[in-house]
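The opening residue of the sequence shown carries number 31 in this note's numbering; numbering runs sequentially from there.
Note sheet for the following structure.
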Amino acid sequence: MNGTLRYRKVSCLLCGVLVTLPLMAGAANTATITVKVTVLAPPPCTVNNNSVIEVPFGNVMTTHVDGTSYRVPVNYTLSCPEGAAECHETPGAGQWCEF
């Protein structure tokens, strides 16, 4: 009886491993998403010294994306010619300018 019970346990364990292997392989997939933004505001202002802004989100599960789970602050600079715009910093909303 012990041999049969042990055989069943080993069989169940192997089946469980075989079932989860495809799920673990799928978890290794990665994607790079590029978002391009055009700022339309006269006179021309420079965002982040014309450098690419990269935001490291780490590992993201698409089923957990809800608008708050993966919220990451984006650090950038905004440079406008003197007198071109009046800029304000708002906690939570970032920097915004009136032209």
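Built from N, CA and C at the ideal position, the CB exists for glycine as well.
Keep in mind the model is a prediction, meaning the values are calculated, not measured.
- Here Val90 is not near Val104, since their CB atoms are 8 angstroms or more apart.
- In the three-state reduction of the DSSP assignment, Thr93 falls in the helix class.
- About 12 angstroms separates the CB atoms of Val65 and Phe87; that is not less than 8 angstroms, and the two are not in contact.
- When rounded, the separation of the alpha-carbon atoms in Asp96 and Ala61 is 18 angstroms.
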